[in-house]
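The structure appears below as structure tokens.
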Amino acid sequence: MSTERMTVAKAINAGLARVLEENPKSLLLGEDIGRLGGVYRITEGLQARFGEDRVVDTPLAESGIIGTSIGMAMRGYRPIAEIQFDGFVFPGFNQITTQLAKMHFRTEGRVNVPVTIRIPYGGGIGSVEHHSESPEALFAHTAGLRIMTPSTPHDAYWMIQDAVACDDPVIFFEPKRRYWLKGEVDTEHRAAPPERAQVVRRGTDATILAWGPLVPVALAAAQAATDDGRDVEVIDLRSLSPVDFDTVIASTRRTGRLIIAHEAPTFGGLGGEIAARVSEHAFFQLEAPVARVGGFHMPYPPSKVEAQYLPDIDRILDALDTTFNPEVSA
Amino acid sequence: MDTITSQATAQDSLIQLLAPDGTRSANAEWDAWLEDVDLEAIQGFYRDMVLARRVDEEGTALQRQGELVLWVPLRGQEAAQVAAGRAAAPQDMLFPTYREHAVAMTRGVSVAEMLRTFRGISHGGWDPTRTGFHVYTMVLAAQVPQAVGYAQGIQRDQKGWDQDRVEREGETVMAFFGDGSSSEGDVHESMVFAASSQAPVVFFCQNNQWAISVPFEVQSRVPLAQRAAGYGMPGIRVDGNDVLAVHAVTRWAMDRARRGEGPALIEAVTYRRGAHTTADDPTKYRTRDEETGWDDKDPLLRVERLLRSAGVTQDYFDELAQEADTLAAEIRAAALAFPTPSLESAFSHIYAEPHSLVQNELAWFREYQAGFADGADGADGSDGAGATEIKEGTR
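Taken in sequence, the protein lines are chains A and B. Its first residue numbered 236, the first sequence is counted upward by one per residue in the working numbering. Its first residue numbered 1102, the second sequence is counted upward by one per residue in the working numbering.
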């Protein structure tokens, strides 16, 4: 049997183990990933199995982790760096944006830097400041980086392997509040290519686009919408750079309505870019303006109020309603 | 820590083997690293320095004439750079700042290639894998942790080698930075990582006294070499204008790293005799007296004095000056002959693998450019010519 039921966390762990097994040039590095197995235990057991040179407990410094990963990649290695939490990526932001993203360009294609950076992201886990952010737009905005985010165990298992195999740097955003979500993982049959968005629910009346932690919320909203007799399609974007605009535009042309949901603040978020593209390419098929559901323009709030901050089923359904009654929202 | 370095660190002494007046002083510990450096080898260093200085002058001249977007003068730092570059083995990897033109020349980077960076043709300019000399990094200190990571890769590659093979074929990395960069967090993190993993990397700091307009005293209350002790590595403070002393200490540090004994920090004390870049005006922040105070400590002058006292004749110096002028003329001609690049070529190196957004934008750009190709709409000559070039280049 090649199919096994496991959590997203276990799927990433199994995917990483397979990478380490198959590619001797691959290695994991980060804070607390070895002996402890990572604060989320994503790398549990890997140091014991592959040794301290392949699963490296680094000094506690994000710029150093990314900077040394770049150097190792130049040397022919495939480093997979873990940033412990979304809000801790910023000490490494300079190395990611001015160095990692631009090295291939700067060297006129002579140097590849196939570094994968794993970042647990998103809220809803009841944590303290800097542990619940969704900074994906900052990286998607930076040419030279690829951004992936899985939402299911099967995708997590395969996409982490795709990320490492890619000759470009990849930021791999892991939906941390879905780490314990279970699902079937087929370890023989690959998931769809990571840059391809997936229609995860077919529908005819509207399309909800989501990624990472909000995909299950979008699916639940679509299910709830059936009570109002609405048949809603759901797309899991999976890759945030490049964005599979073709799939999103084709779906919107069919359904005539698009709701984009992400945890990141709406202002300057990826939803705005996607809404603009869809408006350019599906304007005459749209029955209503593209609706966006996202975080507010505020730092991620304290956890006692995060439930009100995070897009949930009701907020998505509310946005869905506006696309059926556009004059109300106007 | 061995005796040499503990002494050096403890005394903060400035190691010097060749005085400004050209006098060679004996030093048993460091002379051991110069046993094969005979008069011919010293002439080789001198030639490197003379050519680098002439290239540097040509760079400034080209910028002043509007042919380069910027030039970063190295005047005054020739000894530190040549000595360090010549201490590296061919298989070693060097990570420069943006001022290491003399090091670049020791690595076989053609000056013409280097000028591509400063003429606005390329952000890189040369092949780092072929030359063992990484492209210039404009974000201060960002190359330093990369150098450490590269060295950690070497460690992994050399796992299982016996000591004999390590000493014969082993590879080492040199990370260049300046007194200004020494304040950057990346330098600190690099030293932590390098010491932690005992990576084969030598941190080579040219303390040229000025970070654009800010003097060294603002960066540090102590000599930078002293900081090494805090990381658990030896730190050496050397007269950066003394090509022999810098060569000796760098060889020592590189050899040590190559043998697997870990990182070291070298602080080469020198002086940036020119401007920070051609966009800078040093008269705003430092005195003429300070500048002229370094005239007699010039790195070329003391070697010239040594060579003359050893009997090297004027003919040698004349021929070298001629060679330098010829090189300058060649690089000028090469720089002016670079074809103007098209933006289209820039699309090819954003990603190593196909990226749909880039592909779509390139397709749009080609179509847009093609609209100008016929010149029927009265587009001016240069635009029309550029568009035609792009069209021909892609079909």
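The beta-carbon is built from N, C-alpha and C at its ideal position, and this holds for glycine as well.
Out of A/E498, A/Q396 and A/T384, state which residue places its alpha-carbon closest to the alpha-carbon of A/L475.
As a first step, residue 475 of chain A is located in the first sequence; it is residue number 240 there, counting from the start. Nearest option by C-alpha distance: A/T384.
Hey, is B/G1261's beta-carbon within less than 8 Å of any beta-carbon in chain A?
On the second sequence, position 160 is the one that residue 1261 of chain B refers to. At a cut-off of 8 Å between C-beta atoms, B/G1261 does not count as an interface residue with respect to chain A.
What three-state label does DSSP hand A/A324 in the structure shown?
To locate residue 324 of chain A, count along the first sequence from 1; it is residue 89. Note on residue identity: the sequence assigns Val, not Ala, to residue 324 of chain A. Here A/V324 sits in coil by DSSP.
In the DSSP assignment, the beta strand (DSSP E) including A/H497 goes from what residue to what residue?
Reading the first sequence from its first residue, position 262 is the one you call residue 497 of chain A. L493 to P500 is the span of the beta strand (DSSP E), which, as asked, contains A/H497.
So, are the CB atoms of A/A445 and A/D471 less than 8 Å apart?
Translated into the one-based positions of the first sequence, residue 445 of chain A becomes position 210. Translated into the one-based positions of the first sequence, residue 471 of chain A becomes position 236. Yes, these two residues count as a Cβ contact at 8 Å.
Got a sec? Which residues, its chain only, sit under 6 Å from B/G1487 by beta carbon, not counting five neighbours each side?
Within the second sequence, residue 1487 of chain B is the residue found at index 386, counting from 1. Only weak support is given to the placement of B/G1487: the predicted model assigns it a pLDDT of 40, under 50, and the question is left unresolved by the model.
Looking only at its chain, what residues have a beta carbon closer than 7 Å to the beta carbon of B/A1189, apart from the 5 residues adjacent to it on each side?
Your numbering for residue 1189 of chain B matches position 88 in the second sequence. Excluding residues within five positions, the ones whose Cβ falls inside 7 Å are L1195, M1275 and M1355.
So what does DSSP say about A/P546, is it helix, strand or coil?
Your numbering for residue 546 of chain A matches position 311 in the first sequence. In the structure shown, A/P546 sits in coil (DSSP, three-state: anything other than H, G, I, E or B).
Looking only at its own chain, which residues have a Cβ that is under 7 Å from the Cβ of B/D1157, when we skip the five neighbours before and after it?
As a position in the second sequence, residue 1157 of chain B is number 56, starting the count at 1. Within the same chain, B/D1157 has close Cβ partners P1174, L1175, R1176 and H1202.
Once you ignore the five residues that flank A/T501 on each side, which residues in its own chain have a CB closer than 6 Å to its CB?
Position 266 of the first sequence holds residue 501 of chain A. Around A/T501: R527 and G529.
Is there a Cβ of chain A sitting closer than 8 Å to that of B/H1456, yes or no?
The sequence position of residue 1456 of chain B within the second sequence is 355, counting from 1. Closer than 8 Å: yes.
Can you give the beta carbon distance from B/A1358 to B/T1414, rounded, assuming they're within the 8 Å contact cut?
Taking the first residue of the second sequence as 1, we reach residue 1358 of chain B at position 257. Taking the first residue of the second sequence as 1, we reach residue 1414 of chain B at position 313. Going by Cβ atoms, the distance from B/A1358 to B/T1414 rounds to 40 Å, so no, they are not a contact pair.
Can you tell me whether A/A391 is helix, strand or coil according to DSSP?
For this step, residue 391 of chain A is matched to residue 156 along the first sequence. A/A391: helix per DSSP, three-state reduction.
Just the chain B side, please: which residues come within less than 7 Å of A/A296 by C-beta, in chain order?
What you label residue 296 of chain A is simply residue 61 of the first sequence in a count that begins at 1. Those are E1290 and V1293, listed as they occur along chain B.
Taking just the CA atoms, how far does A/D321 sit from A/E365?
As a first step, residue 365 of chain A must be located in the first sequence, where it is residue number 130. As a first step, residue 321 of chain A must be located in the first sequence, where it is residue number 86. Reading the sequence as shown, one finds His at residue 365 of chain A and not Glu. Approximately 7 Å between the Cα atoms of the pair.
Applying a beta-carbon distance threshold of less than 8 Å, which residues of chain B neighbour A/F285?
Here residue 285 of chain A corresponds to residue number 50 of the first sequence, with the count starting at 1. Ordered by position in chain B, no residue passes the 8 Å Cβ test against A/F285, which lies about 13 Å from the chain.
Tell me whether B/V1249 is buried or exposed, calling it buried when 16 or more other Cβ atoms sit within 10 Å of its Cβ.
Here residue 1249 of chain B corresponds to residue number 148 of the second sequence, with the count starting at 1. Classification of B/V1249: buried, given that the 10 Å Cβ count is 16 or more.
At a cut-off of 7 Å, is B/S1114 close to the ligand MG when judged by its beta-carbon and the heavy atoms of the ligand?
Among the components of this structure there are no ligands whatsoever, and the ligand MG is therefore not found.
Identify, in the order they occur along the chain, each residue of the same chain with its Cβ nearer than 6 Å to the Cβ of A/P349, setting aside the five sequence neighbours on each side.
Sequence index remark: in the first sequence, residue 349 of chain A carries index 114 (1-based). Hits under 6 Å: A308, R313 and D402.
Can you name the residues of chain B whose CB is closer than 8 Å to the CB of A/H339?
Here the question's residue 339 of chain A lines up with position 104 in the first sequence. Around A/H339, the beta-carbon contacts reaching into chain B at under 8 Å are H1450, I1451, Y1452 and A1453.
Does DSSP classify B/Q1307 as helix, strand or coil?
For the purposes of this step, residue 1307 of chain B is identified with residue 206 of the second sequence, where counting begins at 1. Strand.
Between which two residues does the alpha helix (DSSP H) carrying B/R1338 extend?
Position 237 of the second sequence, counted from the first residue, corresponds to residue 1338 of chain B. Careful: B/R1338 lies outside any alpha helix (DSSP H), inside the beta strand (DSSP E) at G1336 to D1340.
Find out if the Cβ-Cβ distance for the pair A/R492, A/V469 is shorter than 8 Å.
Stepping through the first sequence from its first residue, residue 492 of chain A is reached at position 257. Stepping through the first sequence from its first residue, residue 469 of chain A is reached at position 234. No, they are not a contact pair.
With burial defined as no fewer than 16 other Cβ atoms inside 10 Å of the residue's Cβ, what is the status of B/G1186: buried or exposed?
Counted from its first residue, the second sequence places residue 1186 of chain B at position 85. That one is buried.
What's the gap between the Cα of A/G250 and the Cα of B/R1231?
Here residue 250 of chain A corresponds to residue number 15 of the first sequence, with the count starting at 1. Here residue 1231 of chain B corresponds to residue number 130 of the second sequence, with the count starting at 1. Straight-line Cα distance between these residues: approximately 35 Å.
What's the C-alpha gap between B/T1131 and B/A1153?
Numbered from its first residue, the second sequence carries residue 1131 of chain B at position 30. Numbered from its first residue, the second sequence carries residue 1153 of chain B at position 52. Note on residue identity: the sequence assigns Trp, not Thr, to residue 1131 of chain B. B/W1131 and B/A1153: Cα-Cα distance of roughly 26 Å.
Residues near B/L1171 by beta carbon distance below 8 Å, same chain, minus five either side
In the second sequence, the residue the question calls residue 1171 of chain B occupies position 70. Same-chain partners within the cutoff: Q1164, F1219, T1378, T1379 and A1380.
Tell me, please, which residues DSSP counts as bridged to A/T238.
Within the first sequence, the letter at position 3 stands for residue 238 of chain A. Beta bridge pairing from DSSP links A/T238 with A/D421.
Please confirm whether A/S425 has its beta-carbon closer than 8 Å to some beta-carbon of chain B.
Here residue 425 of chain A refers to the residue found at position 190 of the first sequence. For the sequence presented, residue 425 of chain A should be read as Arg rather than Ser. For A/R425, not one C-beta of chain B is nearer than 8 Å to its own C-beta.
Would you say A/R310 and B/G1254 are within 8 Å of each other, going by their C-beta atoms?
On the first sequence, position 75 is the one that residue 310 of chain A refers to. On the second sequence, position 153 is the one that residue 1254 of chain B refers to. In this structure, the beta-carbon distance from A/R310 to B/G1254 falls below 8 Å.
Listing by chain order, which chain A residues have their CB less than 8 Å from the CB of B/T1230?
The residue you call residue 1230 of chain B lines up with position 129 of the second sequence. For B/T1230, the residues of chain A that pass the 8 Å Cβ criterion are R345 and V346, in the order they occur in the chain.
Which whole-angstrom value is the C-beta distance of B/A1429 and B/R1155, which I expect to be below 8 Å?
Residue mapping note: residue 1429 of chain B aligns to position 328 of the second sequence, counting from 1. Residue mapping note: residue 1155 of chain B aligns to position 54 of the second sequence, counting from 1. Yes, B/A1429 and B/R1155 are in contact; Cβ-Cβ is about 5 Å, under 8 Å.
Under 8 Å between C-beta atoms of B/R1257 and A/D288:
Taking the first residue of the second sequence as position 1, residue 1257 of chain B is located at position 156. Taking the first residue of the first sequence as position 1, residue 288 of chain A is located at position 53. In this structure, A/D288 lies closer than 8 Å to B/R1257 by Cβ.
With a Cβ-Cβ cutoff of 8 Å, do A/L545 and A/G361 count as a contact?
In the first sequence, residue 545 of chain A corresponds to position 310, counting from 1. In the first sequence, residue 361 of chain A corresponds to position 126, counting from 1. Taking 8 Å as the Cβ cut-off, A/L545 and A/G361 do not qualify as a contacting pair.
Pick helix, strand or coil for A/F531, following the three-state DSSP scheme.
By one-based count along the first sequence, residue 531 of chain A stands at place 296. Assignment of A/F531 by DSSP, reduced to helix, strand and coil, places it in the coil class.
Determine the direct distance from the alpha carbon of B/E1431 to that of B/Q1423, and round the result to whole angstroms.
Against the second sequence, residue 1423 of chain B aligns to sequence position 322. Against the second sequence, residue 1431 of chain B aligns to sequence position 330. Spanning the two alpha carbons is a distance of roughly 12 Å.
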